[in-house]
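Undergrad: Sharing a structure with you now.
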Amino acid sequence: MGLETKALHQIEKAFNEVGADTPKMHWQYGTLWIETEDKNDLELVKQAMIEDVLAPNCTVQFSEMKPTEREPWTEWAMDIVEAKEVA
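Numbering follows this note's numbering, with no gaps: position 67 of the sequence shown is 92.
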């Protein structure tokens, strides 16, 4: 199973386990785009990625795309990044 497919599967599983609706999301050029206003959704996505998808030396980073007149919704871009070691 490819990384993107596995990630979507594990994220959906995490939302199902807590009885929450999975937000709309899709991969594009290695970035996962997530349509949500709820930062708790981002925590579930992060948890699923770190625990079930990524190698131990990786984590995720979110960037917020604020609503515009043309696209009146909040969207988050999730990128996979190298985990920084805490000294």
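Where is the CB? At the ideal position from N, CA and C, for every residue including glycine.
#1: Count the CB pairs spanning the segment 82–89 and the segment 31–46 that are closer than 8 angstroms, and state whether there are at least three.
#2: Roughly how many angstroms lie between the CA atoms of Ile59 and Asn82, to the nearest whole one?
#3: Run through the segment 55–111 for me and flag every whole alpha helix (DSSP H) of 4 or more residues, listed as ranges in chain order.
#4: Taking the C-alpha atoms as reference points, what is the distance between Val106 and Lys64?
#5: Where does Trp101 land, buried or exposed, given buried means 16+ other C-beta within 10 angstroms?
#6: How close, in whole Å, do the beta carbons of Val43 and Leu67 come, if the pair is a contact with beta carbons under 8 angstroms?
TA: According to the structure shown:
#1: no
#2: Indexing the sequence shown from 1 puts residue 59 at position 34. Indexing the sequence shown from 1 puts residue 82 at position 57. If I take the Cα positions, the gap works out to 23 angstroms.
#3: 64–77
#4: If you number the sequence shown from 1, residue 106 lands on position 81. If you number the sequence shown from 1, residue 64 lands on position 39. In a straight line, the C-alpha of Val106 is about 19 angstroms away from that of Lys64.
#5: Position 76 of the sequence shown holds residue 101. Result: buried.
#6: Taking the first residue of the sequence shown as position 1, residue 43 is located at position 18. Taking the first residue of the sequence shown as position 1, residue 67 is located at position 42. Going by Cβ atoms, the distance from Val43 to Leu67 rounds to 14 angstroms, so no, they are not a contact pair.
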